[in-house]
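Okay, structure first, notes after.
Numbering (UniProt numbering), first residue to last: 1 to 291.
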């Protein structure tokens, strides 16, 4: 029919425009990061660099403590994602069981924690009292449980037929066996969704490093080091020394360094996302439906 063809054409044009609008900022940032900083100040850079250089990336990579920060960021992302997924999955499995008496009350309690917290100073004093400050575990322990992630997993688990659990119990399986061998394999989509949420949050986090491990270079993170680099480059942007460097062949500017840092920051997540994409939509759609 003519109406179907018109809809297909309009829908195709809309999706192409949406893809272009989505990809252009990323490609533009990549082009600026590969372009000479002083030349980039002239403007006119869109999808391709005008004057190629890797000086922006060299400036970022040669930052002190950057390698140590990258190691800490990878470790906190990997360990934090595994521990958070395991803790939230176990808790969601418990409150999704029909025989658990207080599941409604506890679910309401966790929903309240999503909107109410003790504030920055009480939380800092609590972490300090628990000896979590100036340690690696301040990145792991506070983020192990998330009310939002737990509710998403719980909602997904409630959609699993009860007959599977009942048949396993008839064969003598306990709750832990049911959770590991029956429920968890069926929850791969929602697990992948929550894992992506947690991994992105852990990788991009820098405020906790500044707040709790500011005096310890051993536990600094990549994002915190990049933030300090951008601050230092921005503060030096108007100095006499930087004005002298602006005449160099491959001078850097706050804009070019910021673009290089942005590309380096998003690269691991961009590489990880394609492996989780097939689970992402299913897990988010089914797990996000509230009864």
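For every residue, glycine included, the Cβ atom is placed at its ideal position computed from N, Cα and C.
This one's a predicted model, so the numbers in the text were calculated from it and none came from an experiment.
Handout entry: Alpha carbon of residue 35 to alpha carbon of residue 218, nearest angstrom
Key = Taking the straight line joining both Cα atoms gives about 33 Å.
Handout entry: DSSP-derived helix/strand/coil call for residue 15
Key = In the displayed model, residue 15 falls within a helix according to three-state DSSP.
Exercise for the section: Answer with buried or exposed for residue 100, where buried requires no fewer than 16 other C-beta atoms within 10 angstroms of its C-beta. Expected result: Residue 100 comes out exposed.
Practice task
State the beta-bridge partners of residue 292 as determined by DSSP.
Solution key: Any question about residue 292 goes unanswered here, given that the chain covers just 1 to 291.
Practice task
State the Cα-Cα distance for the pair residue 18 and residue 51, rounded to the nearest angstrom.
Solution key: Looking at the two C-alpha atoms, the distance is approximately 29 Å.
Problem - Boundaries (first-last residue) of the alpha helix (DSSP H) holding residue 189 - result: 188-204 is the span of the alpha helix (DSSP H), which, as asked, contains residue 189.
Practice task
Compute the distance between the beta-carbons of residue 138 and residue 132, then report whether it is under 8 Å.
Solution key: Less than 8 Å divides the Cβ of residue 138 from the Cβ of residue 132.
Handout entry: Separation of residue 79 from residue 64, as counted between CA atoms
Key = Here the C-alpha atom of residue 64 lies approximately 24 Å from the C-alpha atom of residue 79.
Problem - Whole-angstrom C-beta distance between residue 199 and residue 77, which should lie under 8 Å - result: Between residue 77 and residue 199 the beta-carbon gap is near 5 Å, inside 8 Å, which marks them as a contact.
Exercise for the section: Please state whether DSSP places residue 134 in a helix, a strand or coil. Expected result: The three-state secondary structure of residue 134, taken from DSSP, is coil.
Practice task
Alpha carbon to alpha carbon, how far is residue 193 from residue 152? Give it in angstroms, no decimals.
Solution key: Rounded to the nearest whole angstrom, the C-alpha separation of residue 152 and residue 193 is 9 Å.
Handout entry: Where residue 39 falls, given that 16 or more other Cβ within 10 Å makes a residue buried
Key = Note on residue 39: 16 or more other CB atoms within 10 angstroms of its CB, so buried under the neighbour-count rule.
Practice task
Let me know if residue 118 comes out buried or exposed under the rule of 16 or more other beta-carbons within 10 Å of its beta-carbon.
Solution key: Around the beta carbon of residue 118, fewer than 16 other beta carbons sit within 10 angstroms, so the residue counts as exposed.
Exercise for the section: Determine the direct distance from the alpha carbon of residue 232 to that of residue 188, and round the result to whole angstroms. Expected result: Taking the straight line joining both Cα atoms gives about 43 Å.
Exercise for the section: Between the Cα of residue 202 and those of 175, 143 and 185, spot the shortest distance and give me the residue it belongs to. Expected result: Just measuring C-alpha positions, the residue of 175, 143 and 185 sitting nearest residue 202 is 143.
Problem - residue 161 in three-state terms, based on DSSP - result: Of the three classes helix, strand and coil, the one that applies to residue 161 here is coil, per DSSP.
Practice task
Find the nearest neighbour of residue 108 within the set 75, 128, 147 and 97, judged by alpha-carbon distance.
Solution key: Proximity to residue 108 across 75, 128, 147 and 97 peaks at 147, based on C-alpha coordinates.
Exercise for the section: For residue 9, collect the residues of the same chain with a Cβ closer than 8 Å to its Cβ; drop the 5 residues on either side in sequence, then sort them by chain order. Expected result: Non-local beta-carbon contacts of residue 9 in its own chain, meaning distances under 8 Å to residues more than five positions away in sequence, are absent.
Exercise for the section: Starting from residue 105, trace the alpha helix (DSSP H) both ways and give me its first and last residue. Expected result: Under the DSSP assignment, residue 105 falls in the alpha helix (DSSP H) whose first and last residues are 103-113.
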